[in-house]
Amino acid sequence: MIDDGSALRSDRLMAPVARRVVGGLAVVTLVALVVVGLFVAPPDALQGDAQRLMYLHVPAAWLAYLAFGVTAVCSALYLWGRTRSLVWDRIAGASAELGVVFTGLTLLLGSLWGRPIWGVWWAWDARLVTTAVLFFLYLGYLALRRIPAALDVRAKRCGVAALIAFVDVPIVHFSVTWWRTLHQEATVFNPDLDVQIEGTMALALWLGVLSFTLLYVYLLDLRYRLEVLDEDRDERDLEAAIAERAHGAVPSAGTVGVGS
Amino acid sequence: MSLLREAALIAGKDLRIEARARVVGQQVVPFGLIVLLLFAFALDPDRGVLTRVAPGLFWVTVLLAVLLGVSRAFALEADNGARDALRMSGLDGSSIFLGKAGALAVELLAFEALLTLGVVVLFDVRLASLPPLILASAAATVGLAAAGTLYGVLAAGIRARETLVPMLLLPVVAPVLLGATRAWEASIDGVPGDAWPWVGLLVIFATLFVGIGMLAFGPLLEES
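This is how it looks when you write it as structure tokens:
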């Protein structure tokens, strides 16, 4: 087991039972979302069935923000000396991965929704551009995480990168909003989204947010567990390689895979 | 030694090496001019497109040069254990950061001056009001140099750094490209009033990244 010398040393976030319960609830709420979103909620007066994409698009966007927020907080907790623990680094990494998936999903679903409603796959709206930059910022973060290094070195590097990304997002958003508002008066977003929303539509939207959040918690725990197992395996490989060298078991030195 | 004296020492070292090796002069500046030529090939120069989009092309070229400059700034210390020497020199991390970012900013400013000449001559751009243009360029350059130096040290010990730095740095400096381009457009169009808000944004960006760099550079240098 990896010992990072802190009190907060855990190889899992939740008890297996808790994870199973969360996973089960995620499945139940997802099924409910499918039923309510596709069959119970009426089609939108203006947009027809295409509007149903909102029940996935909005929760995905919310989850992306939640995931990146968690990454930022955990990175800060790692970098701050007193709370330094690899637990935070693992959560940060796992959450960023999910965040990138959900951001990608948000962009993809938004594009699919935009095509029939706006007539284009992509519009240079401030929110869209910011989301795209966000996607690439954290894609870079994940690339950085993939670089082999000692765990504490990687954690420090990635922690700084995550915080830079987090600080940069408001600037990106601000500058892009400014840029777009100088060029066009109103955004292309349909204002009718903000007007009253029918009861079952609201229900579908809330089911979407709930099910996606449960899914996020479930996947976060799963990803965390995977990370721990990964670290364990690397450590075992390293020990095996050292033992092999020490005993001279392999005369033809060859290459000793130390996970590079 | 004070922070600034230490920074001047590091900047002096980097610039002296640069003055002798002449990599920026002999490779990065010609590279920038080639990019300007390529833009002219890509966008028909006869239709006035180049003149209209010149600010954007200028700053995209500068961003590309920043990538080269950052990789160069950290290649200086890659050999002969120079990075270990720097770590053990007893100099403060924030002053090393200021020094390296300062040297990079000076190189970039020289590059931009020559590139401006290129844009004026090749793209037929007339610089109507200079003060906002110069201030925007200065603030943008400080921001780019600070962010570049920060990511440079982050990736210093990594084998894949040549591909990693562009991926990490370019999205982060997207606001600089946006702000500097708009400020230039306003200056060229002769409406400096439109440029000042963007100059403000660039100053905020620069201040923020100089601050983060001064805090984070030392710990990152230890690990690289």
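Listed in order, the protein sequences are those of chains P and C. Each residue of the first sequence is one higher than the one before, starting from 8 at the first, in the numbering used here. Each residue of the second sequence is one higher than the one before, starting from 1227 at the first, in the numbering used here. Heads up, the beta-carbon is just placed ideally off N, CA and C, and yes, glycines get one too.
Residue contact check for P/Arg164 against chain C: a CB pair falls below 8 Å. Here the C-alpha atom of C/Ser1355 lies approximately 21 Å from the C-alpha atom of C/Val1288. Residues of the region 1382-1399 of chain C whose Cβ lies closer than 7 Å to any Cβ of chain P, in chain order: Ile1384, Ala1386, Leu1390, Met1393, Leu1394, Pro1397 and Val1398.
Across the region 1232-1265 of chain C, no CB contact with chain P closer than 8 Å is found for any residue. From the beta-carbon of C/Glu1303, no residue of chain P is found nearer than 7 Å; the closest lies around 18 Å away.
In the same chain as C/Ala1432, and ignoring 5 residues on each side of it, the C-beta atoms closer than 6 Å to its own belong to Ala1365, Val1368 and Gly1369, in chain order.
Here the C-alpha atom of P/Val41 lies approximately 30 Å from the C-alpha atom of P/Tyr145.
Boundaries of the alpha helix (DSSP H) around P/Asp228: Gly206 to His254.
Interface with chain C (8 Å Cβ-Cβ cutoff): P/Ala168 is included. C/Leu1361 has a beta carbon lying at 8 Å or more from every beta carbon in chain P.
When DSSP states are grouped into helix, strand and coil, C/Gly1307 belongs to the coil group.
Comparing C-alpha distances from P/Ala162 to each of P/Asp96, P/Val28 and P/Val29 shows the shortest one belongs to P/Asp96. Within the region 136-166 of chain P, contact with chain C at the beta-carbon level (separation under 7 Å) is assigned to Val140, Phe143, Leu144, Gly147, Ala150, Leu151, Ile154, Val160, Lys163 and Arg164. Under a criterion of Cβ atoms nearer than 9 Å, no residue of chain C is adjacent to P/Ser17; the nearest Cβ is some 25 Å distant.
Chain-ordered listing is empty here: chain P has no CB closer than 8 Å to the CB of C/Leu1293, the nearest sitting near 13 Å.
According to DSSP, residue pairing for P/Gly55 in a beta bridge involves P/Asp51. Scanning chain P for C-beta atoms nearer than 7 Å to the C-beta of C/Leu1341 yields nothing, as the closest lies near 23 Å away. Contacts with chain C at 8 Å (Cβ-Cβ) include P/Val174. When the five nearest sequence neighbours on each side are left out, the beta carbons in the same chain lying within less than 7 Å of the beta carbon of C/Ala1280 are those of Val1345, Phe1349 and Val1351, in order along the chain.
Neighbours of C/Phe1431 in chain P, taken as residues at a C-beta separation under 7 Å, are given in chain order as Ile178. Inter-residue distance for P/Ala74 and P/His64 is about 15 Å (C-alpha atoms, whole angstroms).
By the Cβ test, the region 1400-1415 of chain C is in contact with the region 1272-1286 of chain C, since at least three Cβ pairs between them sit closer than 8 Å.
Against C/Leu1434, the close residues of chain P are Val174 and Ile178, in the order they occur along the chain (beta-carbon pairs closer than 8 Å). The beta carbon of C/Ala1442 sits closer than 8 Å to some beta carbon of chain P.
Remark: three or more beta-carbon pairs, one from each stretch, lie closer than 8 Å, so the region 40-56 of chain P and the region 209-226 of chain P are flagged as touching.
Comparing C-alpha distances from P/Leu222 to each of P/Cys81, P/Arg89, P/Ser102 and P/Leu53 shows the shortest one belongs to P/Ser102. Judged by pairs of C-beta atoms under 8 Å, the region 1267-1281 of chain C does not touch the region 1382-1389 of chain C, as fewer than three such pairs exist.
Ranked by Cα distance from P/Gly111, the options P/Asp18, P/Ile124, P/Gly100 and P/Ala71 are led by P/Ala71. 8 Å or more divides the Cβ of C/Ala1299 from the Cβ of C/Ala1331.
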